[in-house]
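Colleague: Before we start, here is the structure in question, set down as structure tokens.
Protein chains: 2
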Amino acid sequence: MQNSSAITALQSLLGDRLSVKKADLVHHGQSESHFANTPPDAVVWPASAAEVSDIVKICAAHDCPVVAWGTGTSLEGHALAVRGGVIVNLSRMDRVLDVHAEDMDVVVQPGVTRTVLNDALRATGLFFPVDPGADASLGGMAATRASGTTTVRYGTMRDNVLALQVVLADGRIIRTGSRAAKSSAGYDLTGLFVGSEGTLGIITEMTLRLHGQPQAISAAVCGFDDVAMAVTVATTAIQMGLPVARIELMDAASVAAVNTAEGYDFPAQPHLLVEFHGSDSAVAEDAATFADIARDAGGTDPRTATRAEDRNKLWAMRHRAYWSILASRPGARAVVTDVCVPISALAQAIAETQADIAASPITGPILGHVGDGNFHAALLIDDTNPDDRAAALDLSHRMAQRALRLGGTVTGEHGIGMGKLAYMEQEHGPGWDVMGQIKSALDPQGIMNPGKLIRQA
Amino acid sequence: MQNSSAITALQSLLGDRLSVKKADLVHHGQSESHFANTPPDAVVWPASAAEVSDIVKICAAHDCPVVAWGTGTSLEGHALAVRGGVIVNLSRMDRVLDVHAEDMDVVVQPGVTRTVLNDALRATGLFFPVDPGADASLGGMAATRASGTTTVRYGTMRDNVLALQVVLADGRIIRTGSRAAKSSAGYDLTGLFVGSEGTLGIITEMTLRLHGQPQAISAAVCGFDDVAMAVTVATTAIQMGLPVARIELMDAASVAAVNTAEGYDFPAQPHLLVEFHGSDSAVAEDAATFADIARDAGGTDPRTATRAEDRNKLWAMRHRAYWSILASRPGARAVVTDVCVPISALAQAIAETQADIAASPITGPILGHVGDGNFHAALLIDDTNPDDRAAALDLSHRMAQRALRLGGTVTGEHGIGMGKLAYMEQEHGPGWDVMGQIKSALDPQGIMNPGKLIRQA
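Keeping their order, the protein sequence lines are chains A and B.
In this text, residue positions in the first sequence follow the numbering used here: the first is 27, and each later residue adds one.
In this text, residue positions in the second sequence follow the numbering used here: the first is 27, and each later residue adds one.
Dropping the structure here:
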């Protein structure tokens, strides 16, 4: 076994920071999704970029796959060692290295999670906005090009990563980008590595863009007779340039699930949750404008919340939605889908998806970052029931086809991993070959997270 | 000659849309900078992506260089055929193909210029914000990753290109991205081609992000005793999150030049020009906040302008600055430098640059997109005087070194072309080799705009 000789060499480098214990392998063979447990041959915990470089060099010498691991919260099996090999767990590289408050940037190691970073930033008046839900590692979020509820205002990881340090497949350590706000100096390597899912290199340091904590925040929630009405209000707000910081859709089933699980008393109808960031007067004006749009369309009078505890209670409704949906069918697990379409097509995409789910044997409440045209269905299945599983995968497949037909993408924020690999050719055509050419140029042995994102050799 | 056999083959394809006339060759051998005229062997005017593909295939078959040309306004010699070959002038591919007002995007051919696009959009209430000064082609702006005065609010071309159609070095036509607002579906090829300066392919179609015309616009201009004070005010505004849509520095020499050339009567001291976009009340509040910051720092009372004609008059001061500076030394030409640093280093970078220019035999008024940490010196030289030229290139060299020392980049928005090639290794280290590997993978013959951006074979 090539992999076992790599592991022997890694053991002398890392000592007890390498494990082949069954519990560790099984833990790193899990994903937060419907994929079977896929244990790697070993797990290593490096402490520095130089050590990651040494690890990759040893693996390259033995043609052994190398898979980076953050917190294991990806949803498409990104971090599973599907061809065996070594998982590089970056959780010990978890330092916030430099806060440049004046420049509104921060340098972090990849194992820092987003909540740890925001705790560290609290005294500065700055925050890092990208919020994918899970308390993911920032390295994993960059590798997946994650986004979330605040993207409509603050952008995705693509927009919030200024610079990277990356270990390449041959062990070279490169830096991409700089701390300047913009640059025209050559190919955008930072942008190339963001979203590359560990297939081109391992991120060992990142410079992130920070944002000022707004002077005032105003949140509101508002019910609608149907999803079409809610989506129309959301798209109207976007199209008229209302500066929403978040605008989230929960369908009636999601709201019902949260009511039951968390004791809320919202009417069981679709809701929009919105938030505005700015000066006191600006957020008041924006909230009033939104209320006008919502009422004109036939929505309920928005409940607003400006005090932190009221806002937190309101947003807990959204943040607890996934767990509440899971709890609505005891023993079930969820296949969480993820598509993104031009906002003009969003109402149609959601309506067709709801009809499709209604005609299936399973349930699937819908949640959406509707300001971006991005939505998810949490398809609930009994994992031991092959019919449920097949129904979920069929629905997910038709959602992907629908997104492409409507000019969108098969994944707004969860990434490709293994779960969306089958759609890459359809979405990108010969562009997918170009991705393969870049992969071959930078990782000719194919050791970096093989089996993900690109066409398999 | 390989190139002449390529030209013979191209002639049968294109007829009178190929020229080898001296006037055409000389015209396409010019740049807006200090480079010597470098005529290509031929110029072609394709009418479609399919024709661009055929052109590239013919050139590839004869190992003939292919250089894309927009409006010829790049500043670092990007579009000069330094190894001969064929210039592909894209000015006949100048159609606005589809305006998707609801989705706030537009599909255009690469030869559309930014003012033509904005004229076409006028009735929609939308606009395309990136403004590099020149009325450049949008294809050229994408290829150079251009930005300009509005970048502090609306971003660069990187942020405003959603999708591309590109003809590769082997003639393949690919599409990158989609009309969805975001995607995690694989490598960001759109971002890779934006800023690649025609070295990886020729952009033949682009989908651009549009923005709503603001309800209200408020502009103001304010003088300061010295540049340090002006820069402090600009960085304070940015750091406190004031949503400036533009924030431009003109130093005392720039203001004096505009006063003389255009009949303004501003005090000959450094000025900031700012603009706010939003609702009536929001821009009024923002302008008042800015005025407070400026007065607290010791600036003059800002002159504000909200009516379009007053704002246009105010901004004409900035837009005419380059020509006014040129006119301040009759017969001179300008070597326009371009660096970008973290904003905390901006005051130091400008102060050192001013001292350096003051100690040189030439003059060089400074203009800056100071919200981004980006500034230019327009170094005035008598082109027939080798001492002037040497002084300008020395100053430019030290500006680049200074930017790198301060954690910045050698080009904020003008790009690499030939003029900044010598700094790529220093700025990127082994990252430049990675750019070369990508180039070799996608253009193994090296026919796409050879001699630019990457290490020369």
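Built from N, CA and C at the ideal position, the CB exists for glycine as well.
Suppose you measure from the CA of Thr-176/B to the CA of Thr-34/B; what does that come to, to the nearest Å?
Modeller: 45 angstroms
Colleague: Taking 8 angstroms as the threshold (C-beta atoms), are Ala-358/A and Leu-432/A in contact?
Modeller: no
Colleague: Taking 8 angstroms as the threshold (C-beta atoms), are Ser-422/B and Ile-351/B in contact?
Modeller: Contact flag unset, no.
Colleague: What's the C-alpha gap between Ala-87/A and Val-114/A?
Modeller: 16 angstroms
Colleague: For Gln-191/B, count the other beta carbons within 10 Å of its own beta carbon; 16 or more makes it buried, fewer makes it exposed. Which is it?
Modeller: buried
Colleague: Give me the Cα-Cα distance between Ala-166/B and Ala-278/A, rounded to the nearest whole angstrom.
Modeller: In the sequence as presented, Ala is not what sits at residue 166/B; that position holds Gly. In a straight line, the C-alpha of Gly-166/B is about 48 angstroms away from that of Ala-278/A.
Colleague: Looking at the strands, I want to know which residues DSSP matches up with His-454/B.
Modeller: Partner(s): none; His-454/B has no beta bridge.
Colleague: Name the chain A residues whose beta carbon is nearer than 8 angstroms to that of Leu-479/B?
Modeller: Gly-212, Tyr-213
Colleague: Identify the continuous beta strand (DSSP E) that holds Gly-166/B and give its terminal residues.
Modeller: Not the beta strand (DSSP E): Gly-166/B falls in the alpha helix (DSSP H), residues 164 to 170.
Colleague: Residue range of the alpha helix (DSSP H) that Ser-244/A falls in?
Modeller: Where Ser-244/A is concerned, there is no enclosing alpha helix (DSSP H), although the beta strand (DSSP E) it sits in stretches over 242 to 249.
Colleague: Under the DSSP definition of a beta bridge, which residues are partnered with Asn-400/A?
Modeller: Cys-366/A, His-395/A
Colleague: Output needed for His-297/B: all residues of its chain with C-beta closer than 6 angstroms, excluding positions within five of it in sequence on either side, in chain order.
Modeller: Only residues of its own chain outside the window of five on either side were considered, and among them Val-247, Gly-249, Met-276, Val-281 have a CB closer than 6 angstroms to the CB of His-297/B, listed in chain order.
Colleague: Hey, does Ala-313/B have any beta-carbon neighbour from chain A nearer than 8 angstroms?
Modeller: Answer no: the Cβ-Cβ gap between Ala-313/B and chain A never drops below 8 angstroms.
Colleague: In chain B, what lies closer than 9 angstroms to Gly-394/A by C-beta?
Modeller: The premise fails here: Gly-394/A is roughly 12 angstroms from chain B at the closest Cβ pair, so nothing lies under 9 angstroms.
Colleague: Do Ala-211/A and Val-436/B count as a contact pair if the criterion is CB distance below 8 angstroms?
Modeller: Cβ distance < 8 angstroms, so Val-436/B and Ala-211/A count as in contact.
Colleague: Mind checking if Ile-464/A is an interface residue toward chain B, Cβ cutoff 8 angstroms exclusive?
Modeller: For Ile-464/A, the nearest beta carbon of chain B is closer than 8 angstroms to its own beta carbon.
Colleague: Decide if Asp-327/B is buried, meaning its Cβ has at least 16 other Cβ atoms within 10 Å, or exposed.
Modeller: exposed
Colleague: Does the beta-carbon of Thr-170/A have 16 or more other beta-carbons within 10 angstroms, so that it is buried, or is it exposed?
Modeller: buried
Colleague: For the beta strand (DSSP E) that Phe-154/B lies in, which residues bound it at each end?
Modeller: That residue, Phe-154/B, is in no beta strand (DSSP E); it is neither H nor E in DSSP.
Colleague: At a cut of 8 angstroms, does the stretch 121 to 135 of chain B reach the stretch 382 to 389 of chain B through at least three beta carbon pairs?
Modeller: no
Colleague: Do Ser-57/B and Gly-103/B have their C-beta atoms within less than 8 angstroms of each other?
Modeller: Their beta carbons are under 8 angstroms apart, which means Ser-57/B touches Gly-103/B by this criterion.
Colleague: Under 8 angstroms: do the stretch 222 to 238 of chain B and the stretch 129 to 141 of chain B share three or more Cβ pairs, one atom per stretch?
Modeller: By the Cβ criterion, the stretch 222 to 238 of chain B is in contact with the stretch 129 to 141 of chain B, since at least three pairs of Cβ atoms, one from each stretch, lie closer than 8 angstroms.
Colleague: Could you name the residues of chain A that Thr-505/B contacts, counting a contact when the two beta carbons are closer than 9 angstroms?
Modeller: Coverage of chain B is limited to positions 27 through 483, which leaves residue 505/B absent and any answer about it impossible.
Colleague: Can you list the residues of chain B that Ser-12/A reaches, using a CB-CB cut of under 7 angstroms?
Modeller: Past the boundaries of the shown model lies residue 12/A; chain A is included only from 27 to 483, so the question cannot be answered.
Colleague: Could you say which of Gly-477/B, Arg-333/B, Met-474/B, Ile-200/B lies nearest to Ser-244/B if we only look at CA atoms?
Modeller: Arg-333/B
Colleague: Can you pull the DSSP bridge partners for Arg-43/A?
Modeller: Arg-43/A is not bridged to any residue.
Colleague: If you check the beta carbons only, do Gly-203/B and Leu-226/B fall under 8 angstroms apart?
Modeller: no
Colleague: Strictly by DSSP, which residues pair up with Ala-189/B?
Modeller: Gly-203/B, Thr-233/B
Colleague: If I follow the unbroken beta strand (DSSP E) through Val-436/A, where does it start and stop?
Modeller: Taken as a continuous stretch (DSSP letters only), Val-436/A belongs to no beta strand (DSSP E), as it is neither H nor E.
Colleague: Just verifying my parser: in three-state terms, what is the DSSP assignment at Asp-285/A?
Modeller: Residue 285/A is actually Asn in this sequence, not Asp. Helix, per DSSP.
Colleague: Report yes if the C-beta distance between Val-309/A and Phe-316/A is below 8 angstroms; otherwise report no.
Modeller: No, the Cβ-Cβ distance between Val-309/A and Phe-316/A is not below 8 angstroms.
Colleague: Compute the minimum distance between the beta carbon of Cys-85/B and the heavy atoms of the ligand MN, and state whether it is under 7 angstroms.
Modeller: Of ligands this structure carries none, so the ligand MN is not represented either.
Colleague: Where do the N-terminal and C-terminal ends of the beta strand (DSSP E) with His-297/B fall, by residue?
Modeller: 297 to 304
Colleague: Select from the stretch 262 to 284 of chain A all residues with a C-beta closer than 9 angstroms to any C-beta belonging to chain B, and list them in chain order.
Modeller: Ile-264, Gln-265, Met-266, Gly-267, Pro-269
Colleague: Please list the terminal residues of the continuous alpha helix (DSSP H) segment that includes Ile-351/B.
Modeller: Note, Ile-351/B: alpha helix (DSSP H), 347 to 353.
Colleague: Cβ of Arg-198/B less than 8 angstroms from any chain A Cβ?
Modeller: yes
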